[in-house]
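Q: Under our numbering, residues 12 to 404 are what the sequence shown spells out, in order.
Take this structure, written in structure tokens, and hold onto it; I'll ask about it next.
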Amino acid sequence: MPSKDKKLNGTVIVTYRCNARCSMCNRYKAPSKPDEEISIETIKKLPKMYFTNITGGEPFIRTDLKDIVRELYKISDRIVISTNGFFTDRIVDLAKEFPQIGIRISIEGLEATNNAIRGLPDGYQKGYQTLKKLREMGLKDVGFGMTVQDRNAADLVPLYDISNEMGMEFATASLHNSFYFVEAKNIIHDRPMVAENFEKLINKLLKSKSPKKWFRAYFNHGLINYIYGQPRLLPCDMSFDTFFIDPYGDVMPCNGTRDKEVMGNLNTQDWDELWNSPEAEKVRQKVRHCDRQCWMIGSVSPAMHKYIWKPGWWVLRHKIKSLFSKKPYSMYENKICCAYRDGKITKEQLDKCSTCDYHARINNGLSEASQAQLVNKTGEEIVDEDIAEQMRK
Ligand code: SF4
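Given below as structure tokens:
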């Protein structure tokens with residue numbers, strides 16, 4: 012059983028409402044009801060955390076986000092908010108009160124690609140201008156987040172270069188399927204093309220002078236392994252020292268499972284009772300046997316710290332190589348890339364290794380009341396009306 016006094020790594024999903032229309036995530040079609048979303052009272056019950064990610068939906072849709080952040084800073088050493096960057100004024104206003112906060116804005120490529128994938132009018136310019144403004148204000152922990160897929164892989168390195176010029180963090184991900192994304196059909200089609208772009212990025216990161224970027228290179232190496240459907244490079248210990256909490260107060264191991272896995276509910280339980288419950292233990296057993304092999308920063312970053320010798324050894328080998336070679340990393344270090352190139356495995360076989368399931372019935376994890384809203388209106392209509400009402404006020 013995890014130790015009681017250990018600080019944890021937590022992700023707080025403050026809302027399932029979202030104003031973007033991303034092609035790889037259907038969450039915007041399944042919003043939570045505002046009056047059911049996690050309250051300050053529930054947030055006060057969370058344990059001490061060394062890192063907290065605030066995410067959504069789009070977290071800045073919540074007009075009380077400042078109160079949530081204020082409360083979370085009482086129990087968390089570091090907070091990073093993942094956002095689409097649309098609500099510039101709200102983000103800037105929050106950053107004025109919390110200049111130490113981390114902000115990651117999802118940008119899915121250069122302007123045309125980003126706007127096509129995210130479906131936000133003027134999304135690229137809004138995100139970019141928000142990041143620039145935060146930088147001018149002196150915020151240090153700001154950066155881009157990009158979900159790499161067939162449609163935007165060619166923009167990976169150019170976008171990294173932009174973030175580099177701006178002195179910003181550059182976080183990557185790839186396509187995943189889960190109840191959280193309300194999606195089961197995400198899949199990479201042209202794996203070698205996507206992997207080649209990751210390879211270029213990895214070599215740039217390895218050539219840099221920043222140890223943080225060398226470890227990012229390892230993370231991106233893991234993404235190549237992931238898109239070829241191979242077992243994770245590091246064990247997954249979600250639910251042991253890491254958790255997610257959803258807008259309904261349900262505590263879960265992660266956001267990568269096919270259906271929502273619930274360890275307990277923080278609206279009705281206190282933290283120790285929940286964390287040490289038989290239900291939580293059952294979920295931990297499931298995590299031990301989980302075969303989804305996802306590679307998202309939320310589950311990989313704690314594992315990279317815990318099993319540091321593995322990425323550490325990889326970084327050391329490739330840094331030494333980078334002293335003698337222009338291209339210290341090759342995607343063909345992954346045996347599976349060679350097997351595919353050499354025709355020893357087919358695309359169909361690789362597709363079967365992924366979590367893509369065209370026939371899946373997706374459980375979106377909504378409460379009954381949130382689901383009931385969708386009888387007469389679409390999720391998009393509900394959220395658009397909600398935002399219009401906020402603007403009127
Ligand atoms: S591999 Fe880990 S993070 Fe991914 S779904 Fe399984 S338990 Fe969750």
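Even glycine gets a Cβ: it sits at the ideal position worked out from N, Cα and C.
Every value quoted in this text rests on a predicted model; they were computed, and no experiment measured them.
1) Does the beta-carbon of threonine 22 have 16 or more other beta-carbons within 10 angstroms, so that it is buried, or is it exposed?
2) Please work out which residues of its chain come closer than 8 angstroms, Cβ to Cβ, to glutamate 69, disregarding the five sequence neighbours upstream and downstream, and give them in chain order.
3) Should asparagine 374 be labelled buried (16 or more other beta-carbon atoms within 10 Å of its own) or exposed?
4) Any idea what DSSP makes of serine 336, helix, strand or coil?
5) Could you tell me the boundaries of the beta strand (DSSP E) in which arginine 115 lies?
6) From serine 174 to tryptophan 225, what does the alpha carbon distance come to, in whole angstroms?
7) Using DSSP bridges, identify the partner residues of isoleucine 65.
8) I'd like the ranges of any alpha helix (DSSP H) spanning at least 4 consecutive residues and lying wholly in the segment 250-335.
9) Alpha helix (DSSP H) containing glycine 390: first to last residue?
10) Would the C-beta of cysteine 305 count as close to the ligand SF4, meaning under 7 angstroms from any of its heavy atoms?
11) So what does DSSP say about glycine 156, is it helix, strand or coil?
12) By DSSP's criteria, aspartate 60 is part of a beta bridge. Which residues make up the other side?
13) With DSSP as the reference, label serine 189 as helix, strand or coil.
14) Give a single yes or no on whether serine 185 has its beta carbon closer than 7 angstroms to a heavy atom of the ligand SF4.
15) Which residues in the same chain as asparagine 163 place their Cβ atom closer than 8 angstroms to its Cβ, once the five residues preceding and following it in sequence are excluded?
16) Alpha carbon to alpha carbon, how far is asparagine 276 from asparagine 266?
17) Compute the beta-carbon to beta-carbon distance between isoleucine 24 and threonine 66, rounded to the nearest angstrom, for a pair I have assumed lies under 8 angstroms.
18) Going by beta carbon distance, what residues of the same chain come within less than 7 angstroms of leucine 217, once the five residues before and after it are set aside?
19) Do the segment 246-255 and the segment 351-366 meet, that is, are 3 or more Cβ pairs less than 8 angstroms apart?
20) Can you pull the DSSP bridge partners for threonine 183?
21) Would you mind giving the Cβ-Cβ distance between tryptophan 286 and lysine 56, rounded to the nearest angstrom? I have them listed as a contact below 8 angstroms.
22) Check whether the Cβ of glycine 130 lies closer than 7 angstroms to any heavy atom of the ligand SF4, and answer yes or no.
23) What residue does the alpha helix (DSSP H) around lysine 220 start on, and which one ends it?
24) Compute every distance between the C-beta of glycine 240 and the non-hydrogen atoms of the ligand SF4, then say whether any falls below 7 angstroms.
25) Can you have a look at arginine 403 and say buried or exposed, based on whether 16 or more other CB atoms are within 10 angstroms of its CB?
26) Find out if the Cβ-Cβ distance for the pair methionine 60, leucine 105 is shorter than 8 angstroms.
27) Quick check: what's the CA-CA separation for aspartate 395 versus isoleucine 72?
28) With a threshold of 7 angstroms, establish whether the CB of cysteine 265 neighbours any heavy atom of the ligand SF4.
29) Are there any heavy atoms of the ligand PLP lying less than 7 angstroms away from the beta-carbon of serine 310, as far as the coordinates show?
30) How do the segment 301-308 and the segment 169-187 stand: do at least 3 beta-carbon pairs fall below 8 angstroms, yes or no?
31) CA-CA distance, methionine 177 and lysine 143?
32) Determine the contact status of isoleucine 51 and proline 258, defining contact as a CB-CB distance below 8 angstroms.
33) Distance check for serine 378 and leucine 83, CA to CA, integer angstroms please.
34) Rounding to the nearest angstrom, what Cα-Cα distance links tyrosine 191 and methionine 274 in this structure?
35) Anyone know if the C-beta pair for alanine 371 and alanine 165 falls short of 8 angstroms?
A: On the basis of the supplied data:
1) buried
2) Around glutamate 69: Thr26, Arg28, Cys29, Asn30, Ala31, Thr94, Asn95, Phe97, Phe98.
3) exposed
4) coil
5) 113-117
6) 16 angstroms
7) The bridge partners DSSP lists for isoleucine 65 are Val23, Ile92.
8) Entirely contained in the segment 250-335, the alpha helix (DSSP H) runs reaching 4 residues are, in chain order, 282-286, 289-299, 308-317, 320-335.
9) It spans 390-403 - the alpha helix (DSSP H) in which glycine 390 sits, taken as one unbroken run.
10) Cysteine 305 Cβ: within cutoff of the ligand SF4.
11) Of the three classes helix, strand and coil, the one that applies to glycine 156 here is strand, per DSSP.
12) According to the sequence provided, residue 60 is methionine. The question's aspartate does not apply to it. In DSSP, methionine 60 forms a bridge with Leu19, Ser87.
13) strand
14) no
15) Glu119, Gly120, Thr124, Asn125, Ile128, Met157
16) 16 angstroms
17) 6 angstroms
18) Trp225, Ala228, His329, Lys330, Ser333, Pro339, Tyr340
19) The segment 246-255, when compared against the segment 351-366, does not touch it at the 8 angstroms Cβ threshold.
20) Met157
21) Rounded, the Cβ-Cβ distance is 11 angstroms, inconsistent with contact.
22) It does not: the Cβ of glycine 130 is nowhere closer than 7 angstroms to a heavy atom of the ligand SF4.
23) Careful: lysine 220 lies outside any alpha helix (DSSP H) and carries neither H nor E.
24) no
25) exposed
26) no
27) 11 angstroms
28) yes
29) The ligand PLP is not part of this structure, which contains only the ligand SF4.
30) yes
31) 8 angstroms
32) Proline 258 is positioned such that its CB atom lies no closer than 8 angstroms to that of isoleucine 51.
33) Looking at the backbone, the Cα of leucine 83 and that of serine 378 are separated by about 24 angstroms.
34) 16 angstroms
35) Not closer than 8 angstroms, so no.
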